[in-house]
Structure formats: C-alpha cells, structure tokens
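Residue numbers (this note's numbering), protein chains in the order written: chain A, 555 to 841; chain B, 25 to 780; chain C, 78 to 233. Don't be surprised by glycine CBs; every beta carbon is placed ideally from N, CA and C. On a predicted model such as this, the values are computed, not experimentally measured, just so you know. Have a look at the structure below before the remarks.
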Amino acid sequence: MRYEMPTTAKAAAGLLAKEKGRAFVLAGGTDLLVKMKAGVVEPDLIVDIKAIKGMKDIKKSAGGFVIGAAVPCVALSENAALTKAWPGVVEAANLIGSKQVQGRCTMSGNLCNASPAADSVPALIAAGAKVSIISAKGSRKVAVEDVTTGVGRTSLKKGEFVTAIELPAKKPKSGDAYLRFIPRTEMDIAVVSCAVNVSLDAKGMITKARVVLGAVAITALLVKDAASAIVGTKLDDAAKAKLAAACSAACKPIDDKRGTVEFRTEVAGVLARRAAEIAYARAGGKQ
Amino acid sequence: MSLDSMNPALVEKHFKVIGTRVARPDGVDKVTGRARYGADAAMPGQLVGLVLRSPHAHAQIVKIDISKAVKLAGVKAVITSADFPDHTQGDRGMMDILENCMARGKALYDGHAVAAVAAIDAATARKALKLINVTYKILPHVTDVDEALQIHAPVLHPHIYTEGLSEKPTAASNWNKHGEYGHGDVDAGFKEADMVISRSYKTEQTHQGYIEPHSALASVSPDGSAEMFVCTQGHFVYRNQCATLLGLDANKLRVTASEIGGGFGGKTHVWAEPLALALSRKANRPVKLTMSREEVFRCTGPTSSTSIDVKIGAKKDGTITAAWAELRYQGGCFPSNWAELGAMTAFACYDLKNVKTVSKDAVVNRPKTAAYRAPSAPMAAFAVENTIDEVAKAIGMDPIDFRIKNAAKQGTKSSYGPVYGPIGIGPTLEAAKNHPHMKAPLGKNMGRGMACGFWFNFGGQTCVDVNVTPDGNVTIAQGTIDVGGSRASIAMAVAEELGVTYNQVRSIIADTSSLGHNDMTDGSRGTFSTSKAAIFAARNAITVLRDRAAKIWEIPASEVEWRDGAAHAKGVNHGNRTPLSLKEIAAQAGQTGGPIAGHAETVADNAGVSFATHIADVETDPETGRSLIKRYTVIQDAGKAMHPSYVEGQYQGGAAQGIGWALNEEYVYGKDGRLQNAAFLDYRIPVCSDLPFIDTQILEIPNPNHPYGVRGVGETSIVPPLAAVSIAVTNATGVRQTHIPMSPPRVLKSLKTKKK
Amino acid sequence: MGVHVRSTVNGDAVEFTCPEDEVLLDVLRNRLGLTGAKEGCGTGDCGACSVILDGRLVCSCLVLGAEMDGKVVETIEGMADGAKLHPLQQHFIDGAALQCGVCTPGFLMAADALLRKNPDPTEEEIRFGLAGNLCRCTGYDKIVRAVQAAAKEMRG
Ligand SMILES: Cc1cc2nc3c(=O)[nH]c(=O)nc-3n(C[C@H](O)[C@H](O)[C@H](O)COP(=O)(O)OP(=O)(O)OC[C@H]3O[C@@H](n4cnc5c(N)ncnc54)[C@H](O)[C@@H]3O)c2cc1C
Ligand code: FES
Ligand code: FES
Numbered sequence: 555m556r557y558e559m560p561t562t563a564k565a566a567a568g569l570l571a572k573e574k575g576r577a578f579v580l581a582g583g584t585d586l587l588v589k590m591k592a593g594v595v596e597p598d599l600i601v602d603i604k605a606i607k608g609m610k611d612i613k614k615s616a617g618g619f620v621i622g623a624a625v626p627c628v629a630l631s632e633n634a635a636l637t638k639a640w641p642g643v644v645e646a647a648n649l650i651g652s653k654q655v656q657g658r659c660t661m662s663g664n665l666c667n668a669s670p671a672a673d674s675v676p677a678l679i680a681a682g683a684k685v686s687i688i689s690a691k692g693s694r695k696v697a698v699e700d701v702t703t704g705v706g707r708t709s710l711k712k713g714e715f716v717t718a719i720e721l722p723a724k725k726p727k728s729g730d731a732y733l734r735f736i737p738r739t740e741m742d743i744a745v746v747s748c749a750v751n752v753s754l755d756a757k758g759m760i761t762k763a764r765v766v767l768g769a770v771a772i773t774a775l776l777v778k779d780a781a782s783a784i785v786g787t788k789l790d791d792a793a794k795a796k797l798a799a800a801c802s803a804a805c806k807p808i809d810d811k812r813g814t815v816e817f818r819t820e821v822a823g824v825l826a827r828r829a830a831e832i833a834y835a836r837a838g839g840k841q
Numbered sequence: 025m026s027l028d029s030m031n032p033a034l035v036e037k038h039f040k041v042i043g044t045r046v047a048r049p050d051g052v053d054k055v056t057g058r059a060r061y062g063a064d065a066a067m068p069g070q071l072v073g074l075v076l077r078s079p080h081a082h083a084q085i086v087k088i089d090i091s092k093a094v095k096l097a098g099v100k101a102v103i104t105s106a107d108f109p110d111h112t113q114g115d116r117g118m119m120d121i122l123e124n125c126m127a128r129g130k131a132l133y134d135g136h137a138v139a140a141v142a143a144i145d146a147a148t149a150r151k152a153l154k155l156i157n158v159t160y161k162i163l164p165h166v167t168d169v170d171e172a173l174q175i176h177a178p179v180l181h182p183h184i185y186t187e188g189l190s191e192k193p194t195a196a197s198n199w200n201k202h203g204e205y206g207h208g209d210v211d212a213g214f215k216e217a218d219m220v221i222s223r224s225y226k227t228e229q230t231h232q233g234y235i236e237p238h239s240a241l242a243s244v245s246p247d248g249s250a251e252m253f254v255c256t257q258g259h260f261v262y263r264n265q266c267a268t269l270l271g272l273d274a275n276k277l278r279v280t281a282s283e284i285g286g287g288f289g290g291k292t293h294v295w296a297e298p299l300a301l302a303l304s305r306k307a308n309r310p311v312k313l314t315m316s317r318e319e320v321f322r323c324t325g326p327t328s329s330t331s332i333d334v335k336i337g338a339k340k341d342g343t344i345t346a347a348w349a350e351l352r353y354q355g356g357c358f359p360s361n362w363a364e365l366g367a368m369t370a371f372a373c374y375d376l377k378n379v380k381t382v383s384k385d386a387v388v389n390r391p392k393t394a395a396y397r398a399p400s401a402p403m404a405a406f407a408v409e410n411t412i413d414e415v416a417k418a419i420g421m422d423p424i425d426f427r428i429k430n431a432a433k434q435g436t437k438s439s440y441g442p443v444y445g446p447i448g449i450g451p452t453l454e455a456a457k458n459h460p461h462m463k464a465p466l467g468k469n470m471g472r473g474m475a476c477g478f479w480f481n482f483g484g485q486t487c488v489d490v491n492v493t494p495d496g497n498v499t500i501a502q503g504t505i506d507v508g509g510s511r512a513s514i515a516m517a518v519a520e521e522l523g524v525t526y527n528q529v530r531s532i533i534a535d536t537s538s539l540g541h542n543d544m545t546d547g548s549r550g551t552f553s554t555s556k557a558a559i560f561a562a563r564n565a566i567t568v569l570r571d572r573a574a575k576i577w578e579i580p581a582s583e584v585e586w587r588d589g590a591a592h593a594k595g596v597n598h599g600n601r602t603p604l605s606l607k608e609i610a611a612q613a614g615q616t617g618g619p620i621a622g623h624a625e626t627v628a629d630n631a632g633v634s635f636a637t638h639i640a641d642v643e644t645d646p647e648t649g650r651s652l653i654k655r656y657t658v659i660q661d662a663g664k665a666m667h668p669s670y671v672e673g674q675y676q677g678g679a680a681q682g683i684g685w686a687l688n689e690e691y692v693y694g695k696d697g698r699l700q701n702a703a704f705l706d707y708r709i710p711v712c713s714d715l716p717f718i719d720t721q722i723l724e725i726p727n728p729n730h731p732y733g734v735r736g737v738g739e740t741s742i743v744p745p746l747a748a749v750s751i752a753v754t755n756a757t758g759v760r761q762t763h764i765p766m767s768p769p770r771v772l773k774s775l776k777t778k779k780k
Numbered sequence: 078m079g080v081h082v083r084s085t086v087n088g089d090a091v092e093f094t095c096p097e098d099e100v101l102l103d104v105l106r107n108r109l110g111l112t113g114a115k116e117g118c119g120t121g122d123c124g125a126c127s128v129i130l131d132g133r134l135v136c137s138c139l140v141l142g143a144e145m146d147g148k149v150v151e152t153i154e155g156m157a158d159g160a161k162l163h164p165l166q167q168h169f170i171d172g173a174a175l176q177c178g179v180c181t182p183g184f185l186m187a188a189d190a191l192l193r194k195n196p197d198p199t200e201e202e203i204r205f206g207l208a209g210n211l212c213r214c215t216g217y218d219k220i221v222r223a224v225q226a227a228a229k230e231m232r233g
C-alpha cells in the first residue's frame, strides 16, 4: 500500500486517476481505517486530502457556506454563523461517534462512505446541499441526494472525489432539525432517523418542506409525500399525523442487529413528527 | 478459637487503618500510563501470534492444509489440534477446555479456533492465516436454549447423556445436567395459597465486556522451562491448566500476572494462552498473542442465555405458601452447571416453607461460557423478583412490605440447603424502605422498581507472605489478582495488625514460582480470603517479633506483648522497659535469628453470604420504547468495608453492568448461527451519558468467619438490577416485562399487546 | 516500503519509520515505547487509545502513523509535570476513579481535552464529553466526580 499526501486537488485527482489498483481518499479515516482493520478493504493507494489547501476551511459567502471536504465535524459546531443558519445539519454532524471521532470525521466522508445510517446525510439533503466533485478532467456539482446509490456505493466515478459541501443561504423564516433513534444516549449508529427543513410565510403557514429519512432503505429517502402532508399547514395535529403516516409508508427497512422492520417503520413516523416540531419552532412558527 | 476472639469486629470496633480511604499502591502507575497490562510487555525476539477461527456455527473439520502458510517467509510456526496431544488423563473438564482452545475434528461455534500461526510481524501472520485452507462439512446448528432441549435438535456431542436423572437416558442429547433443590411440599403449599402467579421469562446472552482484551506473552525454552506474562484473574490456575494441557511440569512454567484490565469472571480459564505456549514451543521463540475485540466477543466466555418459569403462591396476609421454578440455561458448546447455580440462588432471599427449583443445563453452538459476576444469579433474580412483585400487587400489598414479611433471617433454612447465620437481607430491605429515594416523586412516563439479590461468596485456597524489611517496613506477597484495589486493602489489614501506618506496608502480586497455589480472584473471594490469610500471616510475624524482642531484652516471650507497632514488656519485672519499635527490632534481625517474616496458608471457607436491595427509577418513552435510568440506589451488606471507596466502586460497577444487561446488552445471532454484533458499537454497554450517579449505602453486618467481619462484596451488586430495572419499566409502562434486555424494539412491541 | 515521519510527542522530537497502514496507536506502543495508550477495540469504540493530536482529542487507533509528519501528539505519559501529577490524575487516585485502570489513560486524556475547552462543565457536559470512553468497572460515578473535583481545583 502507498500513502500520498498531495497539497493540491489537481494532484490528488491525478493520483486517483492514475492508480491501477484500489485507490481510496482518506479524510478523517473513521470509516476507512475501521474497514482496513477488519480486512474489508485493502487499498493499494491512500490519498490523504487533509493537506490540500482550503480543504479544511469553512467559507461563508452570499450564497451560503462552502465546507471543505477535510473539515472535521467538531469544527462545524465551533462556527457560530453556520450553527445559527443550519442547526439541524450541525447537530446531525455532531451526533457522529464520540468527541474523539468528532475530531477527525468529516461530512464528506460520511456521505462518500454511503452507509444508509449516515447521520449528516439526511440533514444535508433536507437542507438542499450540493457537493463539488473534482477529477483530472474538471469539476461538477450535484445534489447530495444524487451521491449515494446504494449501500457503500456512490455515483462518483473513478478518479473523482468530493472537494466541498455547499449549503445554501438560509431563507428567512426557515428552520431545520435532525433526530435519530439510538438505544443508548451516545456511541450508536442510527436505527432510524429523520431530518426536516421547513420555510414559513408571515402567518406561520408552511410554504416549503423537505423531509428525509435515514436507515430505513438502502439510501437516505427524500419523502415528497411527507413534505406535502405539512405544506399549507401550521403543523397542526392532523398534519403531524399525516406526516408520520407518510414517513412510515415510505420506509423500506430491513430486520438487522440494530432494529426490526416493524420498529423502524413505526419510529420513523414518531421522529418525523418530533423533528418537524423542532424545525417549525426554529423557523419561528408557534403551535 | 472462639468466634468472639477471632472476630474483634463483634467485640470492639476501634480500627485505625481499616475503614479509611487510603491511596492504592498502583494508583500513580495507572494514572501515568506506566502500569503494565497484558499487551504492554515485550520479550527479545518475540513473534506475533494470530488465530484462524471457524466461520461456521457447527461443522466437521474435514481437512486443514497448512502447507502454503508454513512456506511463507517470516512464518515461524503453524499449529493445529495435532500439536496438542491429549495429556488430560481422562479429565473431561480439562479436555473440554483443550477442545475449546483448539477445535478437535469439529468446530462447535462461530469463532472456534482451528489453527494458529506465529510470524515475525502482524502483516505476515495475517497473510499466513489466509494461506491456511480448511475444508468444512457444515452441520445443522442450534443456538437457542429451549430449541437445544427439543428432541429433534441437532446433538452437539455424542457422549453427553443427561446427568442427575434417576435413570440414565437412552440417547445422547444437549441436556447435560438435571438438578433439583428445595424442601417442603410445594403442591400442598400452592393449595394453601389465595393467589398463585405463574410466568415465563427469557434473558439473552451477555459478555463481561472488560476493556482489556486477553493477551499472553509466552516463552518456552528447549529445556522445557517456560514463562508467561498474561492478564488473568488467576495466574496459578492458568499455570496449572496450561501445564496440564501442554504436558509441562507446573514447577517449570512461571506465570507472571500483568495488571488486569477487567475480568468479571471472563479471565478465569484459558483460551489463547495454551496456543501462545504451543506456538512458542514450536517456533522456539517468545510469542505474543493478543486477541482483537472481535475475538473477545466471538471466542471468549460470555454468560448464559436463559429461559425460566416461575410460580409463586401467597396468602392474602402476605405469607408465601409455595415457590417453584424451572431454570434452563445454555452453557455454550460444553457442559456446564450454570442452571444449577441459578436454581440454588433463585429463592435464596426468602424464608420459605415449601420451595422447589429444577435446573436444566444445556449445550448449544455458542462459545463456551465463563463466569460473569455472580454467575447465573441475575437471571434467576430477574424471574423470581418480577413474580414476587406481581404476587404482592395481586394481593394488594406493597412489594417492599411483602418482601420484608418473607425475608430470610438468621436460622432460616435456605432454599438451597444450608441454614443461614447472621445475614443482611432484612436490614437492606428496611434501609430501602426508609431511603429518601423511595419517597421521591416520579415524573411523566417514569416508574420505580426495587428488587433483592443474593450471592454465596467463596473463600478457597490462599497463601500470603509478610516480610519485614531491614529498615523496618513491610512487604506482602499475595497470590490473588488485584482487580480493583485489593493490594491496598490487604496492606491495610497487615498495617492494622502490626500497628504501623499504611504507608509502611506494600503488597505485590507474586508470580507462580514465588508463592504456593492461590485460587483465582472470583466468587468475591479476593479481599475476603486474602485479607484473612494476610491477617494470620501478620499475626505469625508478630509472634516472631515478640520472640526477637524477648531475645533482645533477654526475657521470656510470654512477657512481651505487641501493641501500637511496638513490643512492650509486661509484668512487674519488666514493665518499665522502653518499648521496642518494629524498626528497632528489624535493625537487629541479623543478630537475633535472621529475617523476620510471617506466612499463612488457608482454605478460607464461610465467606459469608451477601444480600443487596436496589432501587431504580426509569423513564420509558411510550412512542419508542427507549428507557433511561434516572436514579439508582444500591444498598448492600459488606460485613465490614475495609476500604469504603473500593466497596462503593464494586457496588456501582456491578449495578452499571446489570443496568446494561437489563436495557441493551445482548448477543445477536443470525439464522446462520454467526454472531452479528462482535463490537462495542453494537454490543451496547452503558456509556457515561447513559447513567446517573449511583447512590450507595453500605451496611455492615459482620461475617463471623472473618477476623474483621468482612464479607465478599464484588458480585452481589449485579444480581438485583435486571429485576429492579424491569420492574421499573413495568411500572412505567403498565406492561410486565419478561424478556431481557428490554431493548426499545422489544418494549415497543410489548406495549402493543397492552393496546390491543 | 514504509514512511519516514518526524513529529513531536510530549514535547520531544521523534522520528520513526512505519508501514503505510500502521496506526498511530501501534507506532506509540510498539515503536516509541509509549504503552500508556491502550487498545481496547482498535475501531474507535472504546476511547482507551485516546491522545491529543494538534490540540484535538482523537482515537490513536483511527489515525495513520504516516499522517503524523509535522504533527504534535500528547499522550498520558506527558500529562504529569515531572513528579507532580496533573490535578486530574491526583483526583482520579484520591477519588477512587479507577478500578482496573485500563480505561484510565483514555479518560484522563478525554477529560483534559474537555476541561481545556470548557473549564466549568456541567455534569451532563462531562458525561457527554466522556461518552467516547468506555469503563466497565466503575459505573462512571467516581470518574465524573473526580473530573468535577479536578475542574474545581483547576479553576482555583
Ligand atoms: C466509533 C465510531 C462511531 C461512529 N458513529 C457514527 C455515527 O454515529 N453516525 C454516523 O453517521 N457515522 C458514524 N461513524 C462512521 C464515521 O465516523 C462517519 O461516517 C464519518 O463521517 C466518516 O468520515 P471520515 O472523514 O472519517 O471518512 P473516511 O473514513 O476518511 O472516509 C470514508 C469513505 O469515504 C471516502 N471518502 C472520504 N472523503 C472523500 C471525499 N472527499 N471524496 C470521495 N470519497 C471520500 C473514503 O475513501 C472512504 O471510503 C462512526 C465511526 C466510528 C469509528
Ligand atoms: S482502541 Fe481506539 S477506540 Fe478502542
Ligand atoms: S477502571 Fe476498569 S475499565 Fe475503567
């Protein structure tokens, strides 16, 4: 195995493109090194992206935030502007692992690892985030929901990697929230999770919503029916019941060591309702 | 010796050192990273050992081809069961241990060792494992205890015929042992009852979850002498087992115990150690074999999963008229008697006229189980205490008053046979009743549960050396492993006896060639038995000290008494002499007869049974089934708390383990018989944010069989939590919880039954 | 094969060569003789291997040795000031916050990192701050209390 630590994105893309064997990007390493230890992956080349200029920066622009692919999740919560604008995303990213894991793990790694239970992914999708992807041939931007295609699978092509995640500017009277269900209070992988992002009009009526479920299908699910269930409402009880039902209906979970189909389906609805309440309150809505 | 003279705790309570909270001798090393645990040592030229394990739950090993692995550069030894000829001389228990260390002909569980390698580094060893080619013929498997007991279940061992039945069965089965305990006439008792409740319960398999994986560093010389540095709860036991299994002489195998990073019963017999020794013997170099966390979960000794039926009858006035239980435990792939132990403990808290327990021990395709802190008792208490709670409520009595009314006391004939001496069940219940916790208000979705627990406690073989150094200080060599501060407690006992300060006394764990045999630290025997031996050793040293003082003074030893750390001459003739301190006597040892020491070898029986009562407040989310512990109180009898902080620590640690078991810890096996959650991320032991502070109350009802009244305290604290927490969840949700752990999916499902 | 690395460990300049896939924990334990950090799991789940890397708490089992060039590492061996124990170390001993002690180095590093960021944490902040460190012996009670006591002393 070779280890490279390029200082430019171009050089990194070049290394990834040239490698004939199995090449892996290394961000925080909190998934990659675990898989290497278990012998599940055996890289021929590791390209560490942490020394690439700008990759560890969080930039605020008129259009929102650009979060470098090597920004450890703990740094997100240390950024006051980001935390104020996208509390749901920052909370989701800060649910990953422990303080120790927080010091290393990245949202880009969380996304590219493509686990259905990844915590930051539903929140990013709900927020309408995009990713910047670079390769030796050039760069492109795609919506976060278009990155993961299956368990451990992404739409990234050989030689491509993520350089940043872009969060849009926060709209007035909007709010986001993310909740996950774990049996313990920390150090667990989500059994089911839900992110909600809502925008309100002056009267507190929901005008736009994005509702995303995690850990109930092979990828995070953007549930349009769940969003329609609450758009045009003030999140009254009937709307919440419809939201919960739509979420439960959208689940395509499996039975595994972490939970059952029955449990995931039911709790998806419960979390959706609770997350919606938080997002609605954050948007300035009063129930 | 009369009881009173042996037990000053009963006649005078003026301890100077015992009962204080001194700093432990290994403290600084442990907070600075200096302390050496199992994996922290190295020997010159050492190799890395790794083990190849079966991916199948049950399979015939048709062939093992090691030829490619042997040829890989850097590989120094490859071993299989062929390297372990049978030296057990018909000892079936030892044979089971050997077969567990390395499969012989059949893999009996997912993770069963089939071969091992030693190589110059880990990468080479890993490569070598991949080059070993094992041909398996997969056999049908069974992992559930009730299924294993069915007639059509796949039979693991053709030689197991149920033991303990009046007639030998006609066919081999997985039911290895039948047992019965009790007295009186339960049928008649149930007829007398106004209310009879029967319930069935299940508990899943859990692991001790010690943070330090097993590690052994072994070196065998061509002349047959060997040494091993290893983390263990009993290095003498490991020495004896390894010597037997490898055909070595016990006197030539010197085992040094590392600091131990937790055991709780899981480091009481050998797993990888014989492999490390065999690899070293074959490679002719030291070999270090350290398990990965995955191996610890898959291949060491977790505790039983169980299935238990309980029936209790009572009169309206609260008298229990009869109690019956059948307990079925799986012991993993080799015979055990865990169900029997569970049957003995099940009703031990109560004074019963008619009681009967039946035990069925079974083998299944899971790892060979080991002890886990008060082994077998927590599951039995879970089933019995829930039924007790239900009966009390059914007859309209407060469950705590119901327990107080039926509690065992001095003179009670216990459900497993012996008659109790002075015991603490009544006092812990009274203390619980009066505890502010019992009166604190409960919030929304909250419930409170309380439950009792019992453990036997063990004594066993112990020996201790006390040596006075020329400068007048004292060293102790003990042979029981210090798992949580016992070196401090032992030094305290010797300081107390000699009348010197704690700082003048230091205790170390001697290696197996420096001291006689010692049983391991289990059964809560560590501090109980070792302090008892240490006290006797110190008293023997005092006899020597008095002799030496007598020599110096040239008076009869009978005219010398020892008090406050010095020899005092007594009587009209000598009473005015200036006392001789330990330091002064030690300084002249060379002239008065040589080194000053005291030894003691004992079988410390009558460890003093132990009881506890716990109170738990739990909040259960009715929409997700998730439970959180909001408040927890442990009340337990310690006999005498030698070092109160360490006693509290045992109470808190046991309670936390029990809480984890009650809520989320379990082995999850797939349909293929493979363990699915062999990692801390999915085997969910409590993390810091899962728990509140755990309040403790130490009661001291002296054990008449220890000079200071000490009882074992290490284990009982894990017995009540499964019951206390499940009763709390039952009270929070209104649905009786009968399946441990009460994981959110399980609780949520149980709530559905209520809604219907 | 192997990468050559220069970094600073507990204030000392160190140099080592390690295979590309070797983790920092193994470098510390097997190459630099610093066995204070323990391997409880090797997969980030237990925190026994915790060290502070460029000011951030990490699991040394989830960092490559190859990444260490130019980096600054603090381990348990560097916590005391010569013979004088750090207040956290002293309170762990005095408050019986360790039983077997194998988790202790990790807890001390995590508690140190926590108090540097938040000198006056609530009980809840301590509990969540230490949730990445498993202890099987103590039930955490005395660990939390020792951190509270040390924090109080350090605030003066
Ligand atoms: C103890 C522990 C607890 C955990 N708990 C959680 C949890 O609660 N929730 C959760 O969601 N996850 C959890 N995880 C998983 C992991 O921490 C997260 O998925 C984390 O966000 C991964 O980020 P990373 O930077 O460490 O990824 P890495 O391990 O560096 O990379 C992960 C994968 O993505 C690829 N990759 C990384 N960056 C890029 C990029 N820029 N472009 C293309 N490919 C890339 C890598 O090649 C690799 O295949 C936990 C892990 C551990 C060890
Ligand atoms: S060894 Fe690194 S977290 Fe367990
Ligand atoms: S003291 Fe043993 S694991 Fe914490």
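Here's the rule: buried if 16 or more other CB atoms are within 10 angstroms of the residue's CB, otherwise exposed. What is C/T199?
For the purposes of this step, residue 199 of chain C is taken as residue 122 along the third sequence, with counting starting at 1. With fewer than 16 Cβ atoms within 10 Å of its Cβ, C/T199 is classed as exposed.
I'd like the span of the alpha helix (DSSP H) that includes B/M470, first residue to last.
For the purposes of this step, residue 470 of chain B is taken as the residue at position 446 of the second sequence. That residue, B/M470, is in no alpha helix (DSSP H); its beta strand (DSSP E) goes 470-479.
B/E739 versus B/F717: straight-line alpha-carbon distance, rounded
Numbered from its first residue, the second sequence carries residue 739 of chain B at position 715. Numbered from its first residue, the second sequence carries residue 717 of chain B at position 693. B/E739 and B/F717: Cα-Cα distance of roughly 19 angstroms.
Please give the ranges of any beta strand (DSSP E) in the stretch 299-373 of chain B, keeping only runs that are unbroken, at least 3 residues long and fully inside the region.
311-314, 330-338, 344-354
Starting from the C-beta of B/A370, find all residues in its chain whose C-beta is less than 6 angstroms away, skip the five residues before and the five after it, and write them out in chain order.
Taking the second sequence and counting its residues from 1, the one referred to as residue 370 of chain B is at position 346. Hits under 6 angstroms: A349, T381, A404, V408.
Can you tell me whether DSSP reads A/Y834 as helix, strand or coil?
Along the first sequence, read from residue 1 onward, the residue named residue 834 of chain A stands at position 280. If DSSP states are grouped into helix, strand and coil, A/Y834 belongs with the helices.
Boundaries (first-last residue) of the alpha helix (DSSP H) holding B/Q502:
The sequence position of residue 502 of chain B within the second sequence is 478, counting from 1. Not the alpha helix (DSSP H): B/Q502 falls in the beta strand (DSSP E), residues 498-502.
Closer than 7 angstroms by C-beta to C/G113: which residues in its own chain qualify, once you throw out the five before and the five after it? Chain order, please.
In the third sequence, residue 113 of chain C corresponds to position 36, counting from 1. Correct list, in chain order: T152, I153, E154, P182.
Taking only three categories from DSSP, how would you classify B/Y526?
Walking along the second sequence from the start, residue 526 of chain B turns up at place 502. Of the three classes helix, strand and coil, the one that applies to B/Y526 here is helix, per DSSP.
Buried or exposed: which applies to C/D189, given that a residue is buried once 16 or more other Cβ atoms fall within 10 Å of its Cβ?
Translated into positions along the third sequence, residue 189 of chain C becomes position 112. Buried, since its Cβ has 16 or more Cβ neighbours within 10 Å.
Interface flag, B/S510 vs chain A, CB-CB below 8 angstroms:
If you number the second sequence from 1, residue 510 of chain B lands on position 486. False, the Cβ-Cβ gap to chain A never drops below 8 angstroms.
Taking C-beta to C-beta, are B/A748 and B/M474 nearer than 8 angstroms?
Sequence index remark: in the second sequence, residue 748 of chain B carries index 724 (1-based). Sequence index remark: in the second sequence, residue 474 of chain B carries index 450 (1-based). Going by C-beta atoms, B/A748 is nearer than 8 angstroms to B/M474.
Helix, strand or coil: which one does DSSP assign to B/L604?
Working through the second sequence from its first residue, we reach residue 604 of chain B at position 580. The answer is strand: DSSP assigns B/L604 an E or B state.
From this set, B/S538, B/T616, B/A621, B/Y526, which residue's C-alpha is nearest B/I566's C-alpha?
Position 542 of the second sequence, counted from the start, is the residue given in the question as residue 566 of chain B. Restricting attention to B/S538, B/T616, B/A621, B/Y526, the CA atom closest to the CA of B/I566 is found in B/A621.
Out of C/S127, C/V221, C/C118, which has the shortest C-alpha to C-alpha gap to C/E111?
Translated into the one-based positions of the third sequence, residue 111 of chain C becomes position 34. Looking at the sequence itself, residue 111 of chain C is Leu, so the reference to Glu does not match. When each option's Cα is compared against that of C/L111, the closest is C/S127.
Taking C-beta to C-beta, are C/I170 and B/V55 nearer than 8 angstroms?
Stepping through the third sequence from its first residue, residue 170 of chain C is reached at position 93. Stepping through the second sequence from its first residue, residue 55 of chain B is reached at position 31. Their beta carbons are under 8 angstroms apart, which means C/I170 touches B/V55 by this criterion.
Can you look up B/T648 in the DSSP assignment and give me helix, strand or coil?
The count along the second sequence starts at 1 and reaches residue 648 of chain B at position 624. Three-state result, B/T648: coil.
Just the C-alpha distance for A/V625 and B/S767, rounded to the nearest angstrom, thanks.
In the first sequence, the residue the question calls residue 625 of chain A occupies position 71. In the second sequence, the residue the question calls residue 767 of chain B occupies position 743. Their Cα atoms are separated by approximately 35 angstroms.
Using a Cβ-Cβ cut-off of less than 7 angstroms, give me the residues of the stretch 727-751 of chain A that come near chain D, in sequence order.
Absent from the structure is chain D; the protein chains it does hold are A, B and C.
Between A/T814 and chain B, is the shortest Cβ-Cβ distance under 8 angstroms, so that the two count as touching?
Locating residue 814 of chain A in the first sequence gives position 260, where the first residue counts as 1. True, the Cβ-Cβ gap to chain B drops below 8 angstroms.
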